[in-house]
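2 protein chains.
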Amino acid sequence: MTAPLHEAHPSGRRLPDTQQGMRRRNLARVMHTVSAEGPLSRAAVASRIGLTRAAVSTLVDELIRSGLLEELGPERPGRVGRPGSALAVSGRGPAGIGAEIGVGHLAVCAVDLRGDIRVRAVRHGANRGRSPESVTGELTELVRQVVADAEREGLWPAGLAVAVPGLVARDARTVVRAPNLDWHGIDLGALLPGELPLTVDNEANFGALAELWLGDGTPQDFLHVSAEIGIGGAVVVDGRLLRGTRGFAGELGHVPVRPEGPECVCGGRGCLEQYAGEDAVLRAAGLEPVEDRVGLLAGRAAADDEAVRRALRGAGTALGIALTGAVNLIDPETVVLGGALARLAPWLLPSLEGELRRRTTRPACAVTVSRLGPEGPLLGAAHSVVRGVLDDPAAVAGRS
Amino acid sequence: MTAPLHEAHPSGRRLPDTQQGMRRRNLARVMHTVSAEGPLSRAAVASRIGLTRAAVSTLVDELIRSGLLEELGPERPGRVGRPGSALAVSGRGPAGIGAEIGVGHLAVCAVDLRGDIRVRAVRHGANRGRSPESVTGELTELVRQVVADAEREGLWPAGLAVAVPGLVARDARTVVRAPNLDWHGIDLGALLPGELPLTVDNEANFGALAELWLGDGTPQDFLHVSAEIGIGGAVVVDGRLLRGTRGFAGELGHVPVRPEGPECVCGGRGCLEQYAGEDAVLRAAGLEPVEDRVGLLAGRAAADDEAVRRALRGAGTALGIALTGAVNLIDPETVVLGGALARLAPWLLPSLEGELRRRTTRPACAVTVSRLGPEGPLLGAAHSVVRGVLDDPAAVAGRS
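Sequence order for the protein chains is A and B. Numbering of the first sequence is given in our numbering, commencing with residue 1 and proceeding in unit increments. Numbering of the second sequence is given in our numbering, commencing with residue 1001 and proceeding in unit increments.
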């Protein structure tokens, strides 16, 4: 997938419109081109981005010096002209460190500029009710361990991105509300290691970005819906996350489905989460909450348990009603079901798609199922750092 | 209001990232600066946009030659240095021609680069059920009359933008569905005069753009809701319209409010339009449809007609439920009520805001009332042409 050449930097900052800015953008174009299509010779890069070979050589030399590109040695003979050296994105150099604070686990990984996961660490254990200090202390340990392992492989951390199950302010540091951790107004920037550039975001946002960057044919306009304990949503428009004024966009879980329905933790009534959240589905099926809620539901549904299947049909109907409103407002190309919803999709989709078909302008918006599943948020976090390097290589050059 | 310097052209096209593209962008920066803050001397423009005075002079000379800027004569004496000539946006030169096909009227206007309405023409009469050929024939006559009047004032038409009460495809020509005109799949590009660059868009979209460009302190992120026969909605994010994959984004009227509610023309049930559309409110108040529905409702409500007030409260509740979903998904800074809703706001707002307060994350999204009212779509259409000229002056230079 080739990135749009004029894509804004993920931080929302645009490179300045000067000669210097143009050089930085051209460095990014070289990186994106080699990343998407490499290995490539200098001449091939030049022809793809429409610059002279001399201009590209200068840019490439700078990227090699900074450890972002590497030369694979002379191209195979038999070609016309002087043999060039094939360029590839470096498997050493900068790495993105992704982390996830889940309700029941902590995870950290290091992804290199090629997109390969090079180090990974997970710790299971309930985080709900633990103090933010205790959780971030354990996460910091895990991050340092992953960074040390990555450094042994010749990588250096370009930044840390942390996925959390809650609303994050636009400062990309503050967890405004994470009801399933019982965290409110926590500044993770003050609690996590200061040595790396830090970005904190909602796990549904990172899941959607992972879908955009790593998904199989995911379009540039889609609505991503996932579920763990709550329902997470994220809106991608023209290949960019819709963040909203406060950073809260995509809160599909609190769209009213039946306005006089059951009370919700948010203070509203009849929100989607009251019909399609994991606990609501368990309740509707007459089951007690367990650790692996999704495993239980999927297992029983696969074993033809009619109460579970009926509960999942009901959840699909509620999802279809909420998604009808969302599709009318946003007109996405597809709706992508991720996380736990991906695993439960066989039993949710018939009623969900039925509602969408009945209620929206034909042809109804397509619904697809993510192949990343619960890995999405962690991968999206790590890749957001990698994308930041590809989008502005000049910002990290010389930092190694 | 200063436009963001790197704003994409309204057509979605970005200027190319070359020397030539940089020159074009700098021409746009000069135009936007003089437009927002003029009259200004060349030196003042140079200091505001961070270019040398020599570079700005070259750009300004080109804009004067093309009739986009004019010199007001020497600045008042008493300043240090050689007296400069103050620059202003030209009141001659290019004009934006805006047009509106309403259910009950046709309107056309010409707006100059300063934003002043210079010519205006309206014809009343029902368009519902008339053939597209007949309506566009009459509109073409009206456009030619307005253009002739504008030309007598030294203006020339830079383009024609037409607002229609229906869904428009992303080709900005084809009316996919305008139920209140009974039009389906009509290519207005083939029916309207070919001599002017043409843009067709949904009236709610143009209404939202008018609010963005001409409103009083309207933020860059808002949801615009208007009503005539149907309910129109438009979403503005970072100062740009959210269009959606098919061009259908913002369809608030068909968000389900009560999923088992009355059948809707869209095929769904319990859509917002079934509770807050003009005909629905008349029905709820026990009134027969008349020509001036909004006038009737506003008059009776002001005269303390309890049935009408109750019907409007119900409409406000339904709007509040639908807007709760929209605010959760999009997280706008404000919701702006425009068109007929602006006039009915005193009786809609209490129940509407009550629902929003109860159902959304505090602090609840602010709701404001548009001061443009029913003029919005026509003004937005004309100004969209004017903004196109300001955003890329090089594209019209020499066309006069």
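We put the beta carbon where it would ideally sit given N, CA and C, even for glycine. Since the model is a prediction, treat every value here as computed from it, not as a measurement.
Next on the checklist: Beta-carbon within less than 7 Å of GLY1270(B)'s beta-carbon, same chain only, minus the 5 sequence neighbours each way: which residues are those?
Outcome noted: Non-local C-beta neighbours of GLY1270(B) in its own chain, meaning closer than 7 Å and more than five positions away in sequence, comprise PRO1256, VAL1257, ARG1258, PRO1259, GLU1260, GLY1261 and PRO1262, ordered along the chain.
Next on the checklist: Going by C-alpha to C-alpha distance, which of SER1131(B), GLU1141(B), VAL1060(B) and GLY1093(B) sits closest to ALA1099(B)?
Outcome noted: Closest in C-alpha terms to ALA1099(B), from the list SER1131(B), GLU1141(B), VAL1060(B) and GLY1093(B), comes GLU1141(B).
Item to check | Element boundaries [beta strand (DSSP E), containing PHE1248(B)] | outcome: That residue, PHE1248(B), is in no beta strand (DSSP E); it is neither H nor E in DSSP.
Checklist entry - In chain order, which beta strand (DSSP E) runs of at least 3 residues are fully inside the stretch 1224-1289 of chain B? => result 1231-1237
Item to check | Residue range of the alpha helix (DSSP H) that includes ALA210(A) | outcome: Run containing ALA210(A): 203-214, per the alpha helix (DSSP H) assignment.
Checklist entry - Looking only at its own chain, which residues have a Cβ that is under 8 Å from the Cβ of GLN1019(B), when we skip the five neighbours before and after it? => result Once the five neighbours on either side are set aside, GLN1019(B) has no close Cβ partner at all.
Checklist entry - ASP1392(B) CB to nearest chain A CB: under 8 Å? => result no
Checklist entry - Under 8 Å between C-beta atoms, does ILE330(A) make it to chain B? => result yes
Next on the checklist: For GLN1274(B), count the other beta carbons within 10 Å of its own beta carbon; 16 or more makes it buried, fewer makes it exposed. Which is it?
Outcome noted: buried
Next on the checklist: If we define contact as Cβ-Cβ less than 8 Å, is ALA395(A) a contact residue for chain B?
Outcome noted: no
Checklist entry - For the stretch 1221-1235 of chain B, which residues have a beta carbon sitting closer than 8 Å to at least one beta carbon of chain A? => result ASP1221, GLY1233 and VAL1235
Next on the checklist: Applying the 10 Å Cβ sphere with the 16-neighbour rule, what's the burial state of LEU72(A)?
Outcome noted: exposed
Item to check | Contacting positions in the stretch 1174-1208 of chain B - beta carbon closer than 7 Å to chain A | outcome: none
Checklist entry - Are three or more beta carbon pairs between the stretch 34-47 of chain A and the stretch 118-131 of chain A nearer than 8 Å? => result Verdict: no, contact absent.
Item to check | Buried versus exposed call for SER384(A) [16 or more other C-beta atoms within 10 Å across all chains shown] | outcome: buried
Item to check | Reference ILE321(A); option with closest CA among GLU151(A), LEU252(A), ARG310(A) and VAL389(A) | outcome: LEU252(A)
Item to check | Segments of 3+ residues assigned as beta strand (DSSP E) that fall wholly inside the stretch 142-191 of chain A | outcome: 155-164, 174-178 and 183-187
Next on the checklist: Can you tell me whether THR1033(B) is helix, strand or coil according to DSSP?
Outcome noted: helix
Item to check | Partner residues on chain B for PRO374(A), Cβ-Cβ distance less than 8 Å | outcome: Going along chain B, no residue has its Cβ under 8 Å from PRO374(A), so there is no contact; the nearest lies around 23 Å.
Next on the checklist: Can you confirm whether ARG120(A), when its beta carbon is compared against all beta carbons of chain B, has any partner nearer than 8 Å?
Outcome noted: Interface annotation, ARG120(A): not in contact with chain B, CB-CB separation never under 8 Å.
Next on the checklist: Tell me the rounded alpha-carbon separation between ALA1249(B) and SER57(A).
Outcome noted: 44 Å
Next on the checklist: Rounding to the nearest angstrom, what Cα-Cα distance links VAL1290(B) and ALA1298(B) in this structure?
Outcome noted: 13 Å
Checklist entry - Is the distance from the Cβ of PRO1377(B) to the Cβ of GLU1203(B) below 8 Å? => result yes
Next on the checklist: Less than 8 Å between the C-beta atoms of ASP1201(B) and ALA1158(B), yes or no?
Outcome noted: No.
Checklist entry - Is the CB of GLY1218(B) under 8 Å away from at least one CB in chain A? => result The sequence given here places Thr at residue 1218(B); Gly does not occur at that position. Chain A, which has no Cβ nearer than 8 Å to the Cβ of THR1218(B), makes this no.
Checklist entry - If LEU1348(B) and LEU1356(B) are in contact, beta carbons under 8 Å, what's the gap, nearest whole angstrom? => result So it is not a contact: roughly 12 Å between Cβ atoms.
Checklist entry - Which whole-angstrom value describes the C-beta separation of ARG92(A) and GLY1267(B), a residue pair presumed to lie in contact below a C-beta threshold of 8 Å? => result Contact doesn't hold; Cβ gap of about 57 Å is too wide.
Next on the checklist: Could you check whether VAL237(A) and LEU1027(B) sit closer than 8 Å to each other, using their CB atoms as the reference points?
Outcome noted: no
Checklist entry - Tell me, which residues are paired with GLU1100(B) by DSSP? => result ALA1107(B) and ALA1163(B)
Item to check | Where ASP392(A) falls: helix, strand or coil (DSSP) | outcome: In the structure shown, the three-state DSSP call for ASP392(A) is coil.
Item to check | Rounded Cβ spacing between ILE1229(B) and ASP1279(B) (contact assumed at less than 8 Å) | outcome: Right, their Cβ atoms sit about 7 Å apart.
Item to check | Short Cβ contact (8 Å threshold) for ALA86(A) with ASP112(A) | outcome: no
Checklist entry - Would DSSP call SER1134(B) helix, strand or coil? => result helix
Next on the checklist: Contact criterion: CB-CB distance below 8 Å. Does THR52(A) meet it with respect to chain B?
Outcome noted: no
Checklist entry - What first and last residue would you give for the alpha helix (DSSP H) that runs through LEU348(A)? => result 339-359
Checklist entry - With contact counted as at least three CB pairs below 8 Å, one residue from each stretch, are the stretch 1211-1229 of chain B and the stretch 178-198 of chain A in contact? => result no
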